[in-house]
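According to my numbering, the residues represented by the sequence shown are 1 to 190, in order.
Quick notes on the structure that follows.
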Amino acid sequence: MDHHCLEIEDVTKNDVTVGDSSEVLTEIEAFESAYGYNADYMKELFERSPESFRRFAAARPMTMHYDQLTADAYFTAAITVMQVEDCRGCLELNVMMAREAGVSDALIQQIVESSDKLPTELKDVREHTLNCLRGGAVDEEVASRIQQHFGHAAFGELAIAIVGVRIYPGLKRALLKMQSCQIPADIASE
């Protein structure tokens, strides 16, 4: 399933017209309004380089893909990524999207505030996500347990989720849109 992607049809074409620009900006603003989310970085990318924005937009469905992986596992990974790499805007957005996908408020609270209370399989997802974010060696036993619990294909979807959702805070940072944002020290050192 692909969930919650900003639907921008015309940006995949090679030529961007004035009308296309207006449509793209209108769709970004509708997304902002729907979620109370500041997407100025997307607008800036589009204004600076429509071709770069096209490529970003083409990659975005990948960031929300999970079919074999459960919504609980997907959002455990996505929220964990945002706790480590975001100043809270994308974290709050992912919490809203998790609720829309049917993840319970109790589980969201565990992911955000008390990950030690997560079910064992989601603790593994969180640990694997944190290991991937830190670089270095990944715990193969944790990875094996994830594959045993969720399946071979789901583990591939988890890998794409971990890598994919990082695009948002990374793009904000690269466009200098996170000047006042810092990676929370308590989460980064977890």
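Beta carbons are placed, not taken as given, at the ideal position from N, Cα and C, and that holds for glycine.
In this text, all values refer to a predicted model and were calculated from it rather than measured experimentally.
How far does the alpha helix (DSSP H) with Asn131 in it extend, from its first residue to its last? Position 131 of the sequence shown, counted from the first residue, corresponds to residue 131. From DSSP, the alpha helix (DSSP H) with Asn131 extends over 120–134.
Within 10 angstroms of the Cβ of Lys117, are there 16 or more other Cβ atoms? Answer buried if so, exposed if not. The residue labelled residue 117 in the question sits at position 117 within the sequence shown. By the neighbour-count rule (16 or more Cβ atoms within 10 Å), Lys117 is not buried but exposed.
Alpha carbon to alpha carbon, how far is Met97 from Ala34? Give it in angstroms, no decimals. For the purposes of this step, residue 34 is taken as residue 34 along the sequence shown, with counting starting at 1. For the purposes of this step, residue 97 is taken as residue 97 along the sequence shown, with counting starting at 1. Ala34 and Met97: Cα-Cα distance of roughly 11 Å.
From this set, Glu47, Leu122, Arg60, which residue's C-alpha is nearest Ile160's C-alpha? Taking the sequence shown and counting its residues from 1, one reaches residue 160 at position 160. Of Glu47, Leu122, Arg60, the residue nearest in Cα terms is Arg60.
Among Glu85, Arg166, Glu157, Lys177, nearest to Ala73 - alpha-carbon criterion: Within the sequence shown, residue 73 is the residue found at index 73, counting from 1. Comparing alpha-carbon positions, the option among Glu85, Arg166, Glu157, Lys177 lying closest to Ala73 turns out to be Glu157.
State yes or no: is the C-beta of Thr63 within less than 8 Å of the C-beta of Val165? Locating residue 63 in the sequence shown gives position 63, where the first residue counts as 1. Locating residue 165 in the sequence shown gives position 165, where the first residue counts as 1. Result yes, Cβ atoms of Thr63 and Val165 sit closer than 8 Å.
Closer than 8 Å by C-beta to Gln182: which residues in its own chain qualify, once you throw out the five before and the five after it? Chain order, please. Taking the sequence shown and counting its residues from 1, the one referred to as residue 182 is at position 182. Low per-residue confidence applies at Gln182: pLDDT is 48, beneath 50, and the placement is therefore not dependable, though the value from the model is reported in the following sentence. Excluding sequence neighbours, Gln182 sits near Cys87.
Considering only the alpha carbon of each residue, which of Glu92, His149, Val95 lies closest to Pro119? Taking the sequence shown and counting its residues from 1, one reaches residue 119 at position 119. Cα-wise, what sits closest to Pro119 is His149.
How should Ser49 be labelled, buried or exposed, when 16 other C-beta atoms within 10 angstroms of its C-beta is the threshold for buried? Mapped onto the sequence shown, residue 49 falls at position 49. Answer is exposed; the Cβ neighbour count stays below 16.
What does the Cβ neighbour count give for Gln83, buried or exposed, with the cut at 16 atoms within 10 Å? Indexing the sequence shown from 1 puts residue 83 at position 83. Answer is buried; the Cβ neighbour count reaches 16.
For Cys132, which residues of its own chain have a beta-carbon under 7 Å away from its beta-carbon, when the five flanking residues on both sides are left out? Stepping through the sequence shown from its first residue, residue 132 is reached at position 132. Within the same chain, Cys132 has close Cβ partners Val138, Ile162.
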